[in-house]
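The block underneath contains the structure these notes are about, expressed in structure tokens.
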Amino acid sequence: MRRNRSLWPAALALVCVATACTRVSPPPPPEAGSGYPARGAQLIEQYGCGSCHTVPGVDRADGLVGPPLTRFGARSYVAGELPNNAENLRHWIEDPQSVEPGTAMPDLGVGPIDAQDIAAYLLTLD
Ligand code: HEC
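For the sequence shown, the positions run -20 to -1, 1 to 106 when mature numbering (1 follows the signal peptide of the UniProt record, and there is no 0) is used.
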């Protein structure tokens, strides 16, 4: 699809940093960055994200407390706060309370490497 780049310079810049400009759209579509999606899927199970979230491809991840993470790779925003890209998604998973103080999603003590792999998996869902 042809999209108007001129309206979204800031968004475009973010997409370029995260994705080497492989796709452009308003608002920016995410692309998986670095990280290991298969490991991310295992970590989602281990951290128990599925008790609150429905996550396709992860056993018993059918929680309804938080929003479903279905098709997350096609989402424009993380928690309605940050443009969806690998870096912002990692940041959210590591420390949601710093992105949105008081959010119902708790800090789960996910380290940066684990958060990066989890983000990589979620961004494969589209
Ligand atoms: C105690 C329940 C709970 C757990 C456990 C939990 N979350 Fe969440 N999560 C939430 C809630 C509630 C929201 C909505 C927050 C908001 O929008 O302010 C959320 C939002 C999110 C979002 C943004 C969703 C959107 O639609 O933009 C992502 C991504 C996410 N969580 C990933 C994870 C991952 C990965 C884990 C495991 C490491 C996890 N969550 C564990 C409750 C939880």
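Note that the Cβ used here is the ideal one computed from N, Cα and C, for glycine as well.
On a predicted model such as this, the values are computed, not experimentally measured, just so you know.
Item to complete: Check whether the Cβ atoms of D97 and R40 lie closer than 8 Å to each other.
Response: It is not a contact, given that the beta carbons lie outside the stated cut-off.
Worksheet item: Should I93 be labelled buried (16 or more other beta-carbon atoms within 10 Å of its own) or exposed?
Response: Counting Cβ neighbours within 10 Å, I93 comes out exposed, since fewer than 16 surround it.
Worksheet entry | Residue closest to A66, alpha-carbon to alpha-carbon, out of L23, A100, A21 and G30 | Among L23, A100, A21 and G30, the Cα nearest to that of A66 belongs to A100.
Worksheet item: Along the chain, where does the alpha helix (DSSP H) that runs through S78 open and close?
Response: Where S78 is concerned, the enclosing alpha helix (DSSP H) stretches over P76 to V79.
Item to complete: For S78, verify whether its CB is less than 7 Å away from any heavy atom of the ligand HEC.
Response: For S78, the shortest separation between its Cβ and any heavy atom of the ligand HEC does not lie below 7 Å.
Discussion item. Taking 7 Å as the cut-off, is the beta-carbon of P47 closer than that to any non-hydrogen atom of the ligand HEC?
Written reply: Yes, the beta carbon of P47 sits closer than 7 Å to at least one heavy atom of the ligand HEC.
Worksheet item: Expressed to the nearest angstrom, what Euclidean distance is found between the alpha-carbon atoms of residue 108 and A21?
Response: The structure shown has nothing for residue 108, since the chain only spans -20 to 106.
Discussion item. Looking at the secondary structure, which residues open and close the alpha helix (DSSP H) in which L103 lies?
Written reply: Residues P92 to L103.
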